[in-house]
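Peer 1: Input: one structure, supplied below.
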Amino acid sequence: MFITLEGIEGSGKSTQLPAIAAHLEQLGHTCLSTKEPGGTQVGEQIRAILLDPGNTDLDAMAELLLYQADRAQHANRVIRPALAAGKTVICDRFVDSTVVYQGAARGISADLITEINRMVLGDLKPDITFLLDLSPELGLSRAWRQIESGSRMRGESRFEQERQKFHEKVRQGYLALAEKEPERIRIIDAHGPQDEVGAAIKGKLEQLLK
Ligand code: TMP
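Take 28 as the starting number for the sequence shown in this note's numbering and just add one per residue.
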């Protein structure tokens, strides 16, 4: 089974992921937790370029292709082998991030992104995606609090530097995707405290596993 978590900055994906993995392990699944960008050694190097706030002049097409390079390495070296070995893969961000950040927010054509995704992934697709939905005001204030307190690296804040309008487009892009694929993409209200969000995810997960 292949599960992905999606959402704007500060939506709490990285906090929820270990709890989901622990819950599934208890139910007898062997889990592999991973993330994009940066789920491989090469990917960590690509991530550093992509999230460096000093790279203010990164071209949108160069950005798109760097995310896809990271994904090709990750899908072929980590995700496919783990799924083939019968593991449950839980990934912090995947292809929907590209559709909304590079597509809906940066304005690259959806057809082009779909075509590149097909080249990179073939038929690899998440079975379930949890979309942690919250307002950009709250998400960004949480993300900046993490940066100020040192729990998130300032050297990875290129997207937090984007204006609120950009993050609103990302949020709307996600909600539009969820409307198109309601079976795969389950919306979780992420405005509340972490334990409430975690309980909502577990509830949906158990329904889906039945
Ligand atoms: P995160 O790992 O802390 O969520 O940061 C990753 C950043 O990269 C986040 O701002 C979203 C962005 N991103 C894209 O723009 N496109 C993508 O395809 C992916 C995977 C992430």
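Just so it is clear, CB atoms sit at the ideal spot from N, CA and C, and this is done for glycine as well.
As the structure is a prediction and not an experimental result, all values here were calculated from the model.
Taking the alpha carbon of T42 as the reference point, which residue from Q100, A226, R190 has its own alpha carbon closest?
Peer 2: Here residue 42 refers to the residue found at position 15 when the sequence shown is read from its first residue. Ranking the options by Cα distance to T42, first place goes to A226.
Peer 1: Answer yes or no: do R211 and T156 have a C-beta to C-beta separation smaller than 7 Å?
Peer 2: On the sequence shown, position 184 is the one that residue 211 refers to. On the sequence shown, position 129 is the one that residue 156 refers to. Yes, Cβ-Cβ distance for R211 and T156 is below 7 Å.
Peer 1: The alpha helix (DSSP H) with R276 in it runs from where to where?
Peer 2: A query on residue 276 cannot be resolved here, the shown segment of the chain reaching from 28 to 237 and no further.
Peer 1: Nearest CA to the CA of L158: which residue from L202, A96, T83?
Peer 2: Within the sequence shown, the letter at position 131 stands for residue 158. Nearest C-alpha to L158: L202.
Peer 1: Of the residues V69, I215, S124, which one's Cα is nearest the Cα of V105?
Peer 2: Within the sequence shown, the letter at position 78 stands for residue 105. Taking only the C-alpha atoms, the option nearest V105 is V69.
Peer 1: Between V197 and A109, is the Cβ-Cβ spacing less than 7 Å?
Peer 2: The count along the sequence shown starts at 1 and reaches residue 197 at position 170. The count along the sequence shown starts at 1 and reaches residue 109 at position 82. Result no, Cβ atoms of V197 and A109 do not sit closer than 7 Å.
Peer 1: On the three-state DSSP scale, how would you describe E187?
Peer 2: Start at 1 with the first residue of the sequence shown, and residue 187 comes out as number 160. Residue state, collapsed to three classes: coil.
Peer 1: In this structure, does DSSP put K40 in helix, strand or coil?
Peer 2: Your numbering for residue 40 matches position 13 in the sequence shown. In the structure shown, K40 sits in a helix (DSSP, three-state: H, G or I).
Peer 1: Of the choices D150, A217, E90, whose alpha-carbon is the least far from that of L161?
Peer 2: For the purposes of this step, residue 161 is identified with residue 134 of the sequence shown, where counting begins at 1. Selected option, being the one with the closest Cα: A217.
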